[in-house]
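Novice:
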């Protein structure tokens, strides 16, 4: 007796919603990257959500720094805002994580060499 076989679709997972809550800046990055690239593996999704969370943290720190000022007056004199180094670190984490995903590479051009008309003009 022959077995009835069923057709099983191998659809890629839908990455519409992030696995963890994101703020407005992180969600905008999530939607932008998912609109341009297909990140389907678990590690790639984790990298992307980490980059988005780092961007949210950097923007929250930026808001606080903008409210307080980049330089704070103390008894010892003027000092950098304590959140500056943390904002820079969060932005750096975001950029490095996107680079690890390979999203920092320029797309290939249609042909070799410089674009037409980009040379020296006298």
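Residue numbers (my numbering): 1 to 122. Just so you know, even glycine gets a beta-carbon here, dropped at the ideal spot from N, CA and C. Bear in mind that the values here come from a model prediction, so they are computed numbers and not experimental data.
1) Are the beta-carbon atoms of residue 93 and residue 47 separated by less than 8 Å?
2) Rounded to the nearest angstrom, how far is the Cβ of residue 19 from that of residue 39, given a contact under 8 Å?
3) By DSSP's criteria, residue 39 is part of a beta bridge. Which residues make up the other side?
4) DSSP state of residue 96, grouped into three classes?
5) Excluding the five sequence neighbours on either side, which residues of its own chain have a C-beta within less than 6 Å of the C-beta of residue 29, listed in chain order?
6) Based on DSSP bridge pairs, tell me the residues matched to residue 104.
7) Please determine, among 16, 36, 69, the residue with the shortest C-alpha to C-alpha distance to residue 104.
8) Taking the DSSP output, what are the residues bridged to residue 78?
9) Are there 16 or more other CB atoms within 10 angstroms of the CB of residue 5, so buried, or fewer, so exposed?
10) With DSSP as the reference, label residue 91 as helix, strand or coil.
11) Hey, how far is the Cα of residue 61 from the Cα of residue 88?
Specialist: According to the data block:
1) As a first step, residue 93 must be located in the chain shown, where it is residue number 93. As a first step, residue 47 must be located in the chain shown, where it is residue number 47. Result no, Cβ atoms of residue 93 and residue 47 do not sit closer than 8 Å.
2) Position 19 of the chain shown, counted from the first residue, corresponds to residue 19. Position 39 of the chain shown, counted from the first residue, corresponds to residue 39. Wrong, their Cβ atoms sit about 12 Å apart, outside the cutoff.
3) Here residue 39 refers to the residue found at position 39 when the chain shown is read from its first residue. Partner(s): none; residue 39 has no beta bridge.
4) Working through the chain shown from its first residue, we reach residue 96 at position 96. The answer is helix: DSSP assigns residue 96 an H, G or I state.
5) As a first step, residue 29 is located in the chain shown; it is residue number 29 there, counting from the start. Correct list, in chain order: 52, 55.
6) As a working mapping, residue 104 is identified with position 104 in the chain shown. According to the DSSP secondary-structure assignment, residue 104 is paired through a beta bridge with no residue.
7) One-based indexing of the chain shown puts residue 104 at position 104. Comparing Cα positions, the closest option is 36.
8) For the purposes of this step, residue 78 is taken as residue 78 along the chain shown, with counting starting at 1. Residue 78 is bridged to 73.
9) The residue you call residue 5 lines up with position 5 of the chain shown. Label assigned to residue 5: exposed.
10) Working through the chain shown from its first residue, we reach residue 91 at position 91. Note: residue 91 maps to helix in three-state DSSP.
11) Along the chain shown, read from residue 1 onward, the residue named residue 61 stands at position 61. Along the chain shown, read from residue 1 onward, the residue named residue 88 stands at position 88. One Cα belongs to residue 61, the other to residue 88, and the distance between them is close to 9 Å.
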